[in-house]
Amino acid sequence: MPDGAGVVATVKAVGSEFAEKNVTFMAGSIAYNAFVSLAPLLVVLLLAVRFFESGLESQVISLADRYLTPGVSGVVERFVESDAGGTGASVVGVVVALWGSLKIFRNLDTAFSEIFESEAGNGFVDQLRDGLVVLVALLVGVVGMVLATAAFAYLEWVPFVGLLSPVLLLVGLCVAFFPLFYVFPDVDLEPREVVPGVVVSAVGWALLQAAFQVYAIAKGSSDAALLGTLILVVTWLYFSGIVLLLGAVVNAVLTGNAGDLVEHRLRASATTETERELSTDEAASYLSELRTELTGRYEGMRADGDRGRRRPRPTGELRVQEQSLAGEDDPQWEVTLRYPYEGDETDG
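Numbered by our numbering, the letters in the sequence shown go through residues 45 to 392 in order.
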């Protein structure tokens, strides 16, 4: 179990990564795509529910009323009652609905890959494949929640059964979020490594839903105000996107896939091999020796370093970074040379 200092460092790293990756901007893009994809996603959801068992549309409305904001649940209720799902009965309708609903998942795939700094291919085909996998898993999770809600309806006579509703919500959200956090990062993760982010997002969504429910109740019914309903829906989608991406940032930090954390750990494990103050002539000699050893023109030459070791040969590209340290009294120029090497070259 991490100590207090480790927890504080992790929280700071999450906050730094959250700001650096501009998560709020990505959440805005996700909210827009989610709003545009809402109708196609509802079509696919109703088709999936009817495929498993017809007549469960009322449970979809009940689930929306219980777990979604009034604005979103109102949209779902009007959509279901108007039998708009019937428009997807044809093959063309199903394809159009799937294509529309996949837009949001492709957007999420891009956001997760950006947060995890994934170098794996994330082209259109990869996004489409990942989106289909997550969409199927999400539909199974939602249908499972609908069936569970229907089962709870028959158990209303059981004392305190209503207290299980928040537990059902959290479990359902965890099941629905798990494939997102496992598939979208495009990095090799163990199933247990995605659990922290899943739990953070699930709890965050549950708290967000409760907060919006309280706000809607305090504000009163807004069914007659279309503009107010749309604003509430978009706002809820925006904050939902932030909470979802926050879970992704948590996993990126905990698994060491966050850029700032990787650099911090690398510097924390660094060992100073040599540190000297050189005159300009000595610096010229030092750079000449360094050039000779790195390019390997004279294998027999060795550095005149403090430890008398031969510097390891690069096994990949060399990275040079120049920085100006603009101090008020003592401005300095820093040059950093970094390259990978075989770990046993400096042994002995």
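Beta carbons are placed, not taken as given, at the ideal position from N, Cα and C, and that holds for glycine.
Enclosing alpha helix (DSSP H) for residue i [first to last residue]
{"i": "THR68", "result": "67 to 80"}
Beta-carbon proximity check, residue i vs residue j, cutoff 8 Å
{"i": "VAL244", "j": "VAL294", "result": "yes"}
{"i": "VAL178", "j": "PHE149", "result": "yes"}
{"i": "LEU252", "j": "VAL287", "result": "yes"}
{"i": "PRO356", "j": "GLU386", "result": "yes"}
{"i": "ASP230", "j": "PHE160", "result": "yes"}
{"i": "ALA75", "j": "TYR282", "result": "yes"}
{"i": "ASN151", "j": "SER73", "result": "yes"}
{"i": "ALA302", "j": "ALA71", "result": "no"}
{"i": "PHE225", "j": "GLY291", "result": "yes"}
{"i": "LYS147", "j": "ASN66", "result": "no"}
{"i": "PRO384", "j": "GLY360", "result": "yes"}
Simplified DSSP assignment, three categories, for residue i
{"i": "THR359", "result": "coil"}
{"i": "GLU378", "result": "strand"}
{"i": "SER399", "result": "Summary: the structure shown does not reach residue 399, with the chain confined to residues 45 through 392, and so no result is reported for it."}
{"i": "SER368", "result": "strand"}
{"i": "GLY59", "result": "helix"}
{"i": "GLY248", "result": "helix"}
{"i": "GLY352", "result": "Its pLDDT being 49, under 50, GLY352 is placed unreliably by the model, and nothing is read from it."}
{"i": "VAL287", "result": "helix"}
{"i": "PHE256", "result": "helix"}
{"i": "SER162", "result": "coil"}
{"i": "PRO240", "result": "helix"}
{"i": "GLU234", "result": "coil"}
{"i": "GLY300", "result": "coil"}
{"i": "GLU386", "result": "coil"}
{"i": "PHE222", "result": "helix"}
Cβ neighbours of residue i in the same chain (closer than 8 Å, five flanking residues each side left out)
{"i": "GLU343", "result": "In this prediction, GLU343 has a pLDDT of 46, which is less than 50 and means its spatial position is unreliable; what the coordinates show is noted afterwards. Cβ within range, chain order: n/a, list empty."}
{"i": "VAL247", "result": "LEU214"}
{"i": "PRO210", "result": "ALA250"}
{"i": "VAL51", "result": "none"}
{"i": "PHE79", "result": "VAL277, VAL278, LEU281"}
{"i": "GLU158", "result": "LYS65, MET70"}
Sequence-distant residues of the same chain with beta carbon closer than 7 Å to residue i, five excluded per side
{"i": "PRO240", "result": "VAL294, ASN295, LEU298"}
{"i": "PHE222", "result": "VAL238, VAL242"}
{"i": "THR68", "result": "ILE286"}
{"i": "GLN367", "result": "GLU378"}
{"i": "LEU208", "result": "none"}
Cut-off 6 Å between Cβ atoms - residues of its own chain near residue i, not counting five sequence neighbours on either side
{"i": "ARG363", "result": "ARG382"}
{"i": "GLU337", "result": "ARG355"}
{"i": "LEU217", "result": "ALA246, TRP249"}
Within-8 Å CB hit, residue i to chain D
{"i": "PHE228", "result": "The structure shown contains no chain D; it is built from a single protein chain."}
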